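In terms of the working numbering, the sequence shown opens at residue 111 and continues consecutively. Note that beta-carbon positions come from the ideal geometry of N, C-alpha and C, so glycine has one too. Here the structure is a predicted model, which means the values were calculated and not measured.
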Amino acid sequence: MRSPRAALAWHLCWGIVVHMAGAHKDHCVHVHPRPDEVIHGVHIEPAHVMRRRSADQQLRVKLSYDRSVFRLSKEKFDLINNTVLPQAVQYWEKALRVRRVENVIRLNRKCLDNKVFYKKGDPLPYCKSECENVTMCGEVAVPTDHLQACRVCNWLGRDCHVAEEATGPGLTGADFVFYISALETDRCHRGMTVAYAAHCQQEAALDRPIAGHANLCPSSISTKQQELQTLISTVKHEMLHALGFSVSLYAFFRDKEGNPLTERGETGKPLLNPASQFLHPDKVLEYLKQILAGKSLQARQWSDKIIKTFQRPGWLTAEGNVTRTVQMVVTPRVVEEVRRHFDCPELEGAELEDQGEEGTALTHWEKRLFENEAMTGTHTQNPVYSRLTLALMEDTGWYLPNYEMAQPLRWGRGLGCQFAMNSCKHWMDMRAARNESPHPFCNKVKRDPLETECTEDRNSVALCNLVQYQDRLPARYQNFDSVPQVPSSRTGYYGGSVILADYCPYIQEFTWKSNNVIVRGSHCSFSENNPDEDRNFALEEYAASSRCFEHTRLWEERTCHKVRQWQHWGSGCYRHTCLAGRVHVTVANHTYTCFHEGQEIDISLLSNSWLHVGAIRCPRCSQICPDMECKPDRPVPETVRYYADSLRCGAGALAAPAAAPALLAAAWSLALSANETSGGAAPSEGSGWPPEQAPESLQSLEPLLARRWATDGPQTTGGHGTFRPPGPANQQFQPLQPTDQPPQQTEQQTEQQTEQHFQSQEPTDQSPEQQFQSLEPTEQSLGQTGHNYQLLQPADDQFQPLKQADLQFRPLKQGDQFQSLEPTDYPLQALDQAEHPYQFQTTGDAGFQFHPLELTDQYLAATSSGMFQPLPTAPETFQPPATGGDSLN
Numbered sequence: 111m112r113s114p115r116a117a118l119a120w121h122l123c124w125g126i127v128v129h130m131a132g133a134h135k136d137h138c139v140h141v142h143p144r145p146d147e148v149i150h151g152v153h154i155e156p157a158h159v160m161r162r163r164s165a166d167q168q169l170r171v172k173l174s175y176d177r178s179v180f181r182l183s184k185e186k187f188d189l190i191n192n193t194v195l196p197q198a199v200q201y202w203e204k205a206l207r208v209r210r211v212e213n214v215i216r217l218n219r220k221c222l223d224n225k226v227f228y229k230k231g232d233p234l235p236y237c238k239s240e241c242e243n244v245t246m247c248g249e250v251a252v253p254t255d256h257l258q259a260c261r262v263c264n265w266l267g268r269d270c271h272v273a274e275e276a277t278g279p280g281l282t283g284a285d286f287v288f289y290i291s292a293l294e295t296d297r298c299h300r301g302m303t304v305a306y307a308a309h310c311q312q313e314a315a316l317d318r319p320i321a322g323h324a325n326l327c328p329s330s331i332s333t334k335q336q337e338l339q340t341l342i343s344t345v346k347h348e349m350l351h352a353l354g355f356s357v358s359l360y361a362f363f364r365d366k367e368g369n370p371l372t373e374r375g376e377t378g379k380p381l382l383n384p385a386s387q388f389l390h391p392d393k394v395l396e397y398l399k400q401i402l403a404g405k406s407l408q409a410r411q412w413s414d415k416i417i418k419t420f421q422r423p424g425w426l427t428a429e430g431n432v433t434r435t436v437q438m439v440v441t442p443r444v445v446e447e448v449r450r451h452f453d454c455p456e457l458e459g460a461e462l463e464d465q466g467e468e469g470t471a472l473t474h475w476e477k478r479l480f481e482n483e484a485m486t487g488t489h490t491q492n493p494v495y496s497r498l499t500l501a502l503m504e505d506t507g508w509y510l511p512n513y514e515m516a517q518p519l520r521w522g523r524g525l526g527c528q529f530a531m532n533s534c535k536h537w538m539d540m541r542a543a544r545n546e547s548p549h550p551f552c553n554k555v556k557r558d559p560l561e562t563e564c565t566e567d568r569n570s571v572a573l574c575n576l577v578q579y580q581d582r583l584p585a586r587y588q589n590f591d592s593v594p595q596v597p598s599s600r601t602g603y604y605g606g607s608v609i610l611a612d613y614c615p616y617i618q619e620f621t622w623k624s625n626n627v628i629v630r631g632s633h634c635s636f637s638e639n640n641p642d643e644d645r646n647f648a649l650e651e652y653a654a655s656s657r658c659f660e661h662t663r664l665w666e667e668r669t670c671h672k673v674r675q676w677q678h679w680g681s682g683c684y685r686h687t688c689l690a691g692r693v694h695v696t697v698a699n700h701t702y703t704c705f706h707e708g709q710e711i712d713i714s715l716l717s718n719s720w721l722h723v724g725a726i727r728c729p730r731c732s733q734i735c736p737d738m739e740c741k742p743d744r745p746v747p748e749t750v751r752y753y754a755d756s757l758r759c760g761a762g763a764l765a766a767p768a769a770a771p772a773l774l775a776a777a778w779s780l781a782l783s784a785n786e787t788s789g790g791a792a793p794s795e796g797s798g799w800p801p802e803q804a805p806e807s808l809q810s811l812e813p814l815l816a817r818r819w820a821t822d823g824p825q826t827t828g829g830h831g832t833f834r835p836p837g838p839a840n841q842q843f844q845p846l847q848p849t850d851q852p853p854q855q856t857e858q859q860t861e862q863q864t865e866q867h868f869q870s871q872e873p874t875d876q877s878p879e880q881q882f883q884s885l886e887p888t889e890q891s892l893g894q895t896g897h898n899y900q901l902l903q904p905a906d907d908q909f910q911p912l913k914q915a916d917l918q919f920r921p922l923k924q925g926d927q928f929q930s931l932e933p934t935d936y937p938l939q940a941l942d943q944a945e946h947p948y949q950f951q952t953t954g955d956a957g958f959q960f961h962p963l964e965l966t967d968q969y970l971a972a973t974s975s976g977m978f979q980p981l982p983t984a985p986e987t988f989q990p991p992a993t994g995g996d997s998l999n
């Protein structure tokens, strides 16, 4: 199997290249063994005994390592030995059952020139003249412990005897043995091949393969986490070629009773026939050249009960209708599964690949029809082993699959006979006539700016792989009458980048590479694919619970001084949950609920010192949450408000666009009443605060509600230091940009603000730094501009409820601002005027101490002397804000 990393370079952005796997000649070349390389007739138990048994034994696979495996680097050896091979073997052991084998398996020795005798009444073979010194299975020498003794006869078939070599102990507790090597062979350098495998010996009773080899190419083994699943799938793919999915084994398939589906010759084996008769016409000449060069790769002829040829006379291309010849697997279970998958009762069978080299054609499913099925000729994205592949293994007559191990194949599911029995051009033209999407195909040429989409299963961000080729495509693969923004004279040069898919373009997962090294992929579930923070313009998050969501417009990033628009857009990965019949998508730790398919959710959130502005489209609930009973679509309730940030930059503010209705969670959003006291005479000393001038500078922090006050500073003798809300330019918590500066202050203000920051101190944290600290793990601080505090990044950090013993405030000086904090362990809800009010308490030269009020106490106002006096009327209680967001209104 060739590496998914070998790919077509697409686009250079930030010095990184976008690659699509499976392009051009990047496909699996399963070189099936020549007939003279396979040893037949390994005796385990008599045929009549094996046929009577049902397939109730879970397949047992034993691995035997060649010495080359131990020469791998420690990192690669640990990956192969501890993860890749165990998971691949475990999958097939769980997926397949076989007829129980009770005896020890001893493999046959290779005979010189493959000349074998059988004596009457003796099921074991004898070599003519001599056995070969070494019995090979692929590149691996089979250990003598696994072999029968050498049995030989003379050239007349007489003087038969057992050579001096003792019979080995054999293999116990196994139904199949895999000989694993790690050699950098010539085949490893054909298209960055990762691994290849084939069988080498078959048992006598039912012809089931019982031994095979797999070579892992050391230079192509990737230890990157995001490539692990594809590597495991590649090894599983190659193992299955050795277990049964191979052009060299089709002729040995049997029915449920163990009877051969293909007639046998005098030797008891199917007749030999060049595989060229099944090749695509373009490949026949190449095959004939191999024959003349003595490199014929023959296969045994199978019957039309297994694979049958069909004609498709109305195959639509850009140059009109042509006749297409297809080879289809027509065994019973395969036909049943493929008809169910496409919802096409007249489909004759499952189409096999007709392109690629001989090891690709006929030994894989047709890529156009089964795109991400793992047994197609190339892994392009999210490979799955479907019910179709397990059905083929059942139709070998050797296995009974556990269909619970099948993975869902969504490509083409339920699209009917028009999809399954026609060209992709026919399908795209039909959909266009109905004003419908060409899905699962596409027609967008990959060009700047990138416009990404989502794969069918929403597991990946993807691109349409429609590209321009250097040469005009063959007529039967020209799938477009016209291509948007492409001159008509050049249309014939455009096709999908995956040749095995008949050049049909479709939405495909991709990777980003730099200097031919993978930087990250586009699969949503791998955290390794998260973009760098400074390039995460759409606030994506790649995680186990993430899925792909479409964008509805270009994303922007804003500060008070800059606006930049990202040209590459279209889709992104975000965490999601399926709860209470709805899809919920999380963006930058804020959760938004989808109420109907196609709903547009506006996003305006602060992150990494930028305001990110964009929008996400809600998918169909049943598509992204198939295991949940989805509620019917409905309009967004009028009471729902979605969280949104905005920029407040003084007179030159760059405000975010109006957000969609916001969802109010249990915690209240930030709000501040800004009714500022102005004009009129100040109240006389001792007269108290008039009710209409009571402080109204209220705010709610999620989930902590707090009251912020400020003083105007001392007045003339006999006057008051009146309390007021902050000025209009300072009525919001917002992130400070790196270039932001505090507003200019008068000399008097500067003097008043000296050492006027709040200091929150844990018992062990006696830092002299004078910043008010958030208790969240990021411990963001409050910076001070004028007399107001601003919440620094990240914008959604919360102030936790404080315990009285946890934090203390330093002594305050006149002119300080303060927040009221609950001295208990629960969040402040709308404070009752008689509960938990606060006062300044003088403590001599130390200044004023922040202290909870007794129930009989009153709020205090500052006097010109800096002292505080009771107010006749307590300030208003806290009220829930009317709107969401962090604006202080």
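Between which two residues does the alpha helix (DSSP H) harbouring Asp1002 extend?
Residue 1002 cannot be examined here, being either before or after the span of the chain that is shown, 111 to 999.
Just to confirm my understanding: we take Arg692, look at its own chain, exclude 5 residues before and 5 after, and list those with CB closer than 8 angstroms. What are they?
On the sequence shown, position 582 is the one that residue 692 refers to. Cβ neighbours of Arg692 beyond the five flanking positions: Thr703, Cys704, Phe705, Cys731, Cys740, Lys741.
Rank Asp612, Pro328, His549 by C-alpha distance to the C-alpha of Thr178 and give the top, closest one.
Position 68 of the sequence shown, counting from 1, holds the residue named residue 178. Note on residue identity: the sequence assigns Ser, not Thr, to residue 178. Comparing Cα-Cα distances from Ser178 to each of Asp612, Pro328, His549, the minimum goes to Pro328.
Contact check, Gln517 vs Val555 under 8 angstroms by CB: the rounded distance?
The residue you call residue 517 lines up with position 407 of the sequence shown. The residue you call residue 555 lines up with position 445 of the sequence shown. 32 angstroms between Cβ atoms; not a contact.
Which of helix, strand or coil does DSSP assign to Arg600?
Within the sequence shown, residue 600 is the residue found at index 490, counting from 1. Here Arg600 sits in helix by DSSP.
Smallest Cα separation from Val194: which of Pro279, His158, Lys346, Arg219?
Walking along the sequence shown from the start, residue 194 turns up at place 84. The shortest Cα separation from Val194 among Pro279, His158, Lys346, Arg219 belongs to Lys346.
Among the residues of its own chain, which have a CB less than 7 angstroms from the CB of Gly424, if the five just before and after it don't count?
Working through the sequence shown from its first residue, we reach residue 424 at position 314. Around Gly424: Asn431.
Can you tell me which of the three DSSP states Ser496 falls into?
Your numbering for residue 496 matches position 386 in the sequence shown. Residue state, collapsed to three classes: coil.
Let me check understanding here. Comparing Cα to Cα, which of Pro319, Gln335, Gly378 lies closest to Ala352?
Translated into the one-based positions of the sequence shown, residue 352 becomes position 242. Among Pro319, Gln335, Gly378, the Cα nearest to that of Ala352 belongs to Pro319.
Buried or exposed, going by whether 16 or more other CB atoms sit within 10 Å of the CB of Leu970?
Within the sequence shown, residue 970 is the residue found at index 860, counting from 1. Because the pLDDT at Leu970 is just 40, under 50, the model does not fix this residue reliably, and the point stays unresolved.
Which residue comes first and which comes last in the alpha helix (DSSP H) that contains Lys346?
Within the sequence shown, the letter at position 236 stands for residue 346. First-last of the alpha helix (DSSP H) with Lys346: 338-353.
Taking Cβ positions, are His700 and Phe647 nearer each other than 8 angstroms?
Taking the sequence shown and counting its residues from 1, one reaches residue 700 at position 590. Taking the sequence shown and counting its residues from 1, one reaches residue 647 at position 537. With contacts defined as CB atoms closer than 8 angstroms, His700 and Phe647 fail to qualify as a contacting pair.
What did DSSP end up calling Asn383 once you bin it into helix, strand or coil?
Position 273 of the sequence shown, counting from 1, holds the residue named residue 383. Annotated three-state conformation of Asn383 is strand, per DSSP.
Among Glu710, Ser635, Lys623, whose alpha-carbon lies nearest the alpha-carbon of Arg663?
Position 553 of the sequence shown, counted from the first residue, corresponds to residue 663. The closest CA to that of Arg663, considering only Glu710, Ser635, Lys623, is found on Glu710.
In the DSSP output, what is Thr441 paired with across the bridge?
To locate residue 441, count along the sequence shown from 1; it is residue 331. In DSSP, Thr441 forms no bridge with anything.
Output needed for Leu426: all residues of its chain with C-beta closer than 6 angstroms, excluding positions within five of it in sequence on either side, in chain order.
As a first step, residue 426 must be located in the sequence shown, where it is residue number 316. Answer for Leu426: Ser533, Lys535, His536, listed in chain order.
Taking the beta strand (DSSP E) that Tyr228 belongs to, which residues open and close that run?
As a working note, residue 228 is residue 118 in the sequence shown. Start and end: 226-228.
Might you give, ordered along the chain, the residues of its own chain that have their beta carbon closer than 6 angstroms to the beta carbon of Arg568, omitting 5 neighbours on each side?
Counting from one through the sequence shown, the residue named residue 568 turns up at place 458. Once the five neighbours on either side are set aside, the close Cβ partners of Arg568 are Arg657, Cys658, Ile734.
Determine the burial state of Ala119: buried for a count of at least 16 other Cβ atoms within 10 Å of its Cβ, exposed for fewer.
The residue you call residue 119 lines up with position 9 of the sequence shown. Bear in mind that a pLDDT of 29 at Ala119, under 50, signals an unreliable position, so the number given afterwards is only what the model happens to contain. Classification for Ala119: exposed.
Please list the terminal residues of the continuous beta strand (DSSP E) segment that includes Ile726.
In the sequence shown, counting from the first residue as 1, residue 726 sits at position 616. From DSSP, the beta strand (DSSP E) with Ile726 extends over 720-727.
Just the Cα atoms here: how many angstroms apart are Lys135 and Met485?
Within the sequence shown, the letter at position 25 stands for residue 135. Within the sequence shown, the letter at position 375 stands for residue 485. Unreliable placement is indicated for Lys135, whose pLDDT of 47 sits below 50; the coordinate value is still reported in the next sentence. Cα-Cα distance, rounded: 16 angstroms.
Could you tell me which of Ala611, Arg630, Gln578, Met246 sits nearest to Val571, measuring between CA atoms?
Reading the sequence shown from its first residue, position 461 is the one you call residue 571. Val571 has its Cα closest to that of Arg630, out of Ala611, Arg630, Gln578, Met246.
DSSP on Glu242, reduced to helix/strand/coil?
Taking the first residue of the sequence shown as position 1, residue 242 is located at position 132. Correct three-state label for Glu242: coil.
So, helix, strand or coil for Ser756, using DSSP?
Looking up residue 756 in the sequence shown gives position 646. Ser756: coil per DSSP, three-state reduction.
Between Gln408 and His142, what straight-line distance do the alpha-carbon atoms span, to the nearest angstrom?
If you number the sequence shown from 1, residue 408 lands on position 298. If you number the sequence shown from 1, residue 142 lands on position 32. Going by the C-alpha atoms only, they are around 9 angstroms apart.
Can the beta-carbon of His250 be found less than 8 angstroms from the beta-carbon of Tyr289?
To locate residue 250, count along the sequence shown from 1; it is residue 140. To locate residue 289, count along the sequence shown from 1; it is residue 179. First, the amino acid is wrong: residue 250 is Val here, not His. The answer is yes: Cβ separation under 8 angstroms.
Contact between the region 307-321 and the region 147-157 is defined here as three or more beta-carbon pairs at a separation below 8 angstroms; is this criterion met?
yes
As a quick exercise: from Lys238, Arg163, Arg219, Leu281, pick the residue whose alpha carbon is nearest that of Leu173.
Residue mapping note: residue 173 aligns to position 63 of the sequence shown, counting from 1. Answer by Cα proximity: Leu281.
Would you decide whether Asn243 is buried or exposed? Buried here means 16 or more other CB atoms lie within 10 Å of its CB.
As a working note, residue 243 is residue 133 in the sequence shown. With a threshold of 16 other beta carbon atoms within 10 Å, Asn243 falls short and is exposed.
For the candidate residues Ala276, Leu500, Met246, Phe590, whose alpha-carbon lies nearest to that of Trp202?
By one-based count along the sequence shown, residue 202 stands at place 92. Nearest of Ala276, Leu500, Met246, Phe590 to Trp202, Cα basis: Leu500.
Glu619 and Gln491 look like a contact to me (Cβ under 8 angstroms); what is the Cβ gap, rounded to whole Å?
Here residue 619 refers to the residue found at position 509 of the sequence shown. Here residue 491 refers to the residue found at position 381 of the sequence shown. About 4 angstroms; that satisfies the 8 angstroms criterion.
Based on Cα-Cα distance, which residue from Ile617, Leu189, Trp412 lies nearest to Asn482?
If you number the sequence shown from 1, residue 482 lands on position 372. Minimum Cα distance to Asn482 is reached at Ile617.
In chain order, what residues of the same chain have a beta carbon less than 6 angstroms from the beta carbon of Glu461, not counting five sequence neighbours either side?
Residue 461 sits at position 351 when you count from the first residue of the sequence shown. Closer than 6 angstroms at Cβ, skipping near neighbours: Val436, Met438, Glu476, Leu479.
Given Ser592, which residues of its chain have a CB within under 8 angstroms of its CB, disregarding the five upstream and five downstream residues?
Locating residue 592 in the sequence shown gives position 482, counting from the first residue. Cβ within range, chain order: Ser598, Thr601.
Would the region 359-371 and the region 664-681 be scored as touching if the rule is three or more Cβ pairs under 8 angstroms?
no
Among all the DSSP beta bridges, which residues are the ones paired with Phe187?
For the purposes of this step, residue 187 is taken as residue 77 along the sequence shown, with counting starting at 1. None; Phe187 has no bridge partner.
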